[in-house]
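Using full-length UniProt numbering, read the sequence shown as starting at 1 and increasing by one per residue.
Cβ coordinates follow ideal geometry from the N, Cα and C atoms, glycine included.
Remember, predicted model here, so these are calculated numbers, not experimental data.
Quick notes on the structure that follows.
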Amino acid sequence: MSDKPSCVSWVRNGFCNNMAYTLAMRQVSCGIACGLCTSGGQPISPGVCAADANAKCAKWAANGFCTNAAYSEQTRQAYCCKTCALAPLKPTPAPSGSQSTMA
1 MSDKPSCVSW VRNGFCNNMA YTLAMRQVSC GIACGLCTSG GQPISPGVCA ADANAKCAKW
61 AANGFCTNAA YSEQTRQAYC CKTCALAPLK PTPAPSGSQS TMA
């Protein structure tokens, strides 16, 4: 299976992480570009990383992509799963003034 010709623009517009489309739909349409399939077009099981989907991941990681909370974990994994697996995710801090009560 190969990616559709429109994948370049679809990926740029967020298709890989758009939950309006099922995983199967994303794999069939742009699985290779989204990092959801191997370069041979075989679907990758969720949570398994075969390779980064973008050749610039090392540069992005050096600029903080893998630890930047502005990007969701899904986004980091969709584009740079191999590279970002080496960098721990930053925990999300609790909002100021929030309190937890235990009964």
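By the Cβ-count criterion, V11 is buried, with 16 or more other Cβ atoms from all chains shown falling within 10 Å of its own Cβ. Straight across, the Cα-Cα distance linking A24 with N63 is about 32 Å.
Secondary structure note for S6: it is in no alpha helix (DSSP H), with a DSSP letter that is neither H nor E. Around the CB of Q42, fewer than 16 other CB atoms lie within 10 Å, so the residue is classed as exposed.
Here DSSP, grouped into helix, strand and coil, assigns C37 to strand.
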